[in-house]
Structures are given as C-alpha cells and as structure tokens.
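Numbering (our numbering), first residue to last: 327 to 779.
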C-alpha cells in the first residue's frame with residue numbers, strides 16, 4: 327500500500343497516528359472510544375481489518391471481534407465463542423508461529439471446557455482469556471486491545487452497562503478495550519465520564535468524501551470512465567449545494583460522455599444515477615423519463631451480451647417503484663417492486679428479490695389485504711430456499727415476522743410453528759422480538775428503497 331498516493335491509506339495512517347500519539351504512551355488507559363460519523367464506519371472497519379494483519383501500524387496487538395450485541399447477560403459468552411472459533415480457524419497464524427519458531431503457550435481447549443460449565447461467569451472468563459493471551463504473546467511488553475465493532479447493538483444503554491461491568495471487574499494489566507460511538511449522538515459520554523481516569527476519547531477530522539473523490543478522479547482525463555466519475559462527483563456536490571440547474575448541467579454532461587463511449591451499460595448507468603440525484607429535488611417527471619430511457623438502453627445492452635446491464639435493470643425498476651410511491655401511486659409502485667423481484671430472480675440476484683417484495687407488500691399493506699398476503703407468502707416461500715449465509719444479510723427476518731403475523735391472524739398454527747422453527751435456527755430464539763425492536767427504531771424513516779438497506 328503506497329500511502330503517499332492512496333488517499334484512503336492516508337486517512338488510515340492518520341487514525342493510526344492518533345492512537346500512537348494519544349494512547350500508546352499511556353499505560354494507564356484501559357478504555358478507548360472512537361467518535362465517528364456514520365459514513366465513516368466502513369473506513370474504520372477497514373482500519374480494524376488492516377490492524378488484524380502483519381501490516382497493521384499500531385504498537386498494540388488487536389483482537390478484533392464483530393459479534394452483534396444482544397444483551398449484557400450473554401455478550402461475553404458470545405464474544406468468547408467467536409474468539410475461540412476464529413482462533414481455531416486461523417491456520418495462517420498457527421503456521422507463522424511455527425515458521426518463526428515463536429512460542430505461544432495459549433491453550434484454547436482450557437477455555438472451551440470452562441465455557442461448557444454452566445456455573446462459569448463469562449465476564450470473568452473473558453478477562454482471564456485476555457490476560458493469559460497477552461502474557462503468552464511473543465512480546466509480552468506490548469498491549470493487547472480487545473477491539474469491539476459489533477454489526478448491531480440491540481440497546482446502547484445495555485451495551486454501556488456491559489462495558490462498565492468489565493471495567494469494574496478490573497481490566498488485566500496491559501489490556502485495553504476499544505469501542506466506537508457516533509459523534510453526533512454520543513451514547514457513551516456518561517460511561518467515559520465515570521471512568522475518566524482510565525479512558526480516552528479519540529476523534530479524527532476525516533474528509534472521507536474528499537479522499538473518495540480523489541480516487542474517482544484519478545486516471546487518464548481523456549478516459550470516458552474517468553470523465554463520468556468526475557460528473558458524478560459534481561452532481562453530488564450540486565445536490566449538497568441544492569443547486570438544481572448545476573445538477574442538470576453535470577447530469578447532461580454525464581449522458582453525453584457515456585453515450586460517446588459506446589457502452590450501453592455505462593450509458594444506462596448514467597441515466598439511473600442522474601435520476602437518483604433528482605429525487606432530492608422531487609423532479610418526478612424528469613426522473614421517470616430518464617429511467618424509461620435508461621431501461622430501454624440497458625435492455626438493448628443485455629440483448630447483445632452485456633451482462634453488466636442486469637443489475638442496472640434491477641436497480642432501475644426499484645427507482646421507478648420509489649418514484650411512483652413518492653407520488654402516492656401505490657398500486658403501480660407495488661407492481662414495479664414485484665417486477666424488480668421477478669427480474670432479480672431471473673438474473674440470479676436472490677437477496678435483492680426479498681428486499682423488493684418486502685418494499686412492495688408494505689406499500690399496499692393497508693389498501694389491498696389480499697394482494698399483501700399473496701406477495702408476503704411468495705416472498706417467504708422463496709426466501710426459505712436461499713442458503714442460510716445469504717438469508718442473514720437480507721430483510722428475511724422482517725418478511726418472516728410479517729408472514730408469521732399474517733398466518734397467526736388466519737389461525738394457521740401449523741405454518742406459524744414452521745416459520746418460528748426455521749427462523750430460530752437462523753436468528754436465534756428471540757428473533758421476533760429483535761425484529762420488532764429494530765422496526766421501532768426505523769419507524770421514523772419512510773419505507774423506500776432510497777433510504778432502506
């Protein structure tokens with residue numbers, strides 16, 4: 327990685343340097359909070375992944391766990407289980423230790439046995455594992471940092487109590503805990519204040535969009551792809567500035583550049599992106615015209631073997647549906663969402679079909695009960711055919727919960743039991759409760775493909 331010319335790498339270097347300057351010199355720091363913005367989450371995830379490799383730049387040795395937080399009572403157990411599983415699967419680490427003749431006397435089997443004991447306090451066991459792991463490292467003078475980056479947090483107050491409990495139990499020597507908080511919400515200010523003698527909050531002024539723009543604009547300025555990326559950057563700036571004439575100017579430039587390129591997929595993409603930007607100005611008539619033209623172009627491209635047009639067609643139908651939905655044309659919106667689902671399956675994008683159906687049946691939920699039931703049944707019955715690892719990354723839990731409620735109203739007890747059994751294997755015993763909790767958090771957002779998933 328060449329940091330001198332890679333804008334994203336430069337940002338990660340800035341993050342690393344912040345830690346080196348404000349955490350590494352101070353042995354008393356046990357709790358480190360990064361204050362970040364939501365749009366920076368992926369960058370910090372990349373930072374953690376880098377630090378998990380030999381190319382990491384921190385003097386601390388990180389243990390990175392992405393375990394979702396459900397409750398304070400079971401989180402330590404879940405972390406231990408994931409840590410054990412990850413360690414056992416890390417063949418590269420085992421081989422590297424052997425090749426370098428490094429001693430690492432940390433017997434994972436001991437902790438597996440303790441985890442099986444029902445009387446084991448998993449909070450204490452987690453701290454014990456951290457302590458022994460740190461002491462077993464080839465260089466025990468280095469700090470070990472448990473880096474927590476959960477994919478989801480059910481309850482921030484409960485999460486705060488869990489962290490507080492670990493600190494009160496006593497963090498082992500040379501062990502720190504790293505976690506993340508949103509700078510605009512600051513869920514954990516009280517926690518940091520309570521443990522201010524051993525904690526540190528870090529924040530780095532990051533121009534992520536600027537770095538992305540530099541990458542997007544890099545390359546041969548005569549290359550149509552580079553020229554169109556520049557148009558996208560300028561269109562985005564126009565939206566930020568709420569300048570519609572400027573957006574039209576750059577949108578039309580994008581269409582002209584991609585048309586000259588001769589690539590149907592690029593030309594169709596330009597129509598979709600331009601239309602997507604116009605949603606911010608509610609220019610529905612122009613949006614529909616762009617999408618119709620873009621769809622025709624994408625279908626032409628597909629007919630001559632350009633498979634890149636397949637996801638463009640799927641996205642186009644979703645945008646058309648949202649456009650109709652925002653104009654209160656709900657029946658037409660539902661038709662288009664269902665068409666999007668149909669095309670997703672035809673082109674091999676199964677997970678996208680679930681999202682399209684989910685949006686579609688919610689659009690007409692209150693106006694057409696019969697069609698609602700038809701769509702939700704089709705969505706669920708297709709969803710159960712997908713591989714488990716794919717289902718977890720979709721809205722299947724919502725579909726299953728809605729289908730369960732529908733079956734329950736119709737007193738279809740047998741189908742309810744089947745749904746419950748299937749979803750418990752994927753999402754756990756409390757899957758319905760988790761769906762409702764998350765649904766309440768999302769109620770403030772409108773149900774549209776533009777701001778869901």
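C-beta atoms are modelled at their ideal positions from N, C-alpha and C, and glycine is treated no differently.
Just so we're clear, the structure is a prediction, and the values are computed from it rather than from any experiment.
For the beta strand (DSSP E) containing residue i, name the first residue and the last one.
i           : result
residue 387 : 387-391
residue 650 : Not the beta strand (DSSP E): residue 650 falls in the alpha helix (DSSP H), residues 635-652.
In three-state DSSP terms, what is residue i?
i           : result
residue 504 : strand
residue 564 : helix
residue 763 : helix
residue 479 : strand
residue 428 : Any reading at residue 428 must be qualified, since the residue scores a pLDDT of 49, below 50, and its modelled position is unreliable; the value itself is stated next. The answer is coil: DSSP assigns residue 428 none of H, G, I, E or B.
residue 471 : strand
residue 712 : coil
residue 681 : helix
residue 453 : helix
residue 583 : helix
residue 370 : helix
residue 673 : coil
residue 554 : helix
residue 686 : helix
residue 278 : The requested residue 278 is not part of the displayed model; the chain covers only 327 to 779.
residue 732 : helix
residue 718 : coil
residue 577 : helix
residue 656 : helix
residue 571 : helix
residue 695 : helix
residue 339 : helix
residue 486 : helix
residue 661 : helix
residue 447 : coil
residue 365 : helix
Once you ignore the five residues that flank residue i on each side, which residues in its own chain have a CB closer than 7 Å to its CB?
i           : result
residue 640 : 666, 669, 670, 673, 675, 678
residue 607 : 570
residue 642 : 598, 617, 620, 621, 624
residue 714 : 752
residue 719 : 677
residue 434 : 410, 413, 414
residue 717 : 709, 752
residue 565 : 573, 603, 606
residue 732 : 699, 702
residue 560 : 576
With the cut-off set at 8 Å, would you say residue i and residue j are in Cβ contact?
i           : j           : result
residue 506 : residue 486 : no
residue 495 : residue 441 : no
residue 613 : residue 604 : yes
residue 403 : residue 448 : yes
residue 363 : residue 508 : yes
residue 760 : residue 411 : no
residue 376 : residue 390 : no
residue 654 : residue 690 : no
residue 530 : residue 344 : yes
residue 386 : residue 468 : yes
residue 610 : residue 649 : yes
residue 320 : residue 704 : Because the chain is modelled from 327 through 779, residue 320 falls outside the range shown and cannot be assessed.
residue 466 : residue 392 : no
residue 626 : residue 590 : yes
residue 763 : residue 721 : no
residue 342 : residue 384 : yes
Regarding residue i and the ligand FMN, is the C-beta to nearest heavy atom distance less than 7 Å?
i           : result
residue 470 : This structure lacks the ligand FMN; in fact it carries no ligand of any kind.
Could you spell out the range, first to last residue, of the alpha helix (DSSP H) harbouring residue i?
i           : result
residue 360 : Careful: residue 360 lies outside any alpha helix (DSSP H), inside the beta strand (DSSP E) at 357-362.
residue 629 : 610-629
residue 739 : 739-753
residue 401 : 401-415
residue 598 : 590-604
residue 632 : Unbroken run through residue 632: none, as it is neither H nor E.
residue 352 : Here residue 352 belongs to no alpha helix (DSSP H), and DSSP marks it neither H nor E.
residue 384 : It is not in any alpha helix (DSSP H) - residue 384 carries neither H nor E in the DSSP assignment.
residue 440 : 434-442
For residue i, which residues from the same chain have a beta carbon less than 8 Å from its beta carbon, with the 5 sequence-adjacent residues on both sides left out?
i           : result
residue 503 : 356, 357, 358, 471, 472, 474, 489, 492, 493, 497
residue 584 : 550, 554, 592, 593, 595, 596
residue 455 : 406, 409, 437
residue 523 : 354
On the DSSP bridge assignment, give the partners of residue i in chain order.
i           : result
residue 395 : 479
residue 525 : 357
Give every residue of the same chain whose Cβ lies closer than 6 Å to the Cβ of residue i, excluding the five residues on either side of it in the sequence, and list them in chain order.
i           : result
residue 758 : 727
residue 338 : 373
residue 778 : With a pLDDT of 33 at residue 778, under the threshold of 50, the modelled position of that residue is not reliable, and the figure given next carries that caveat. Cβ neighbours of residue 778 beyond the five flanking positions: none.
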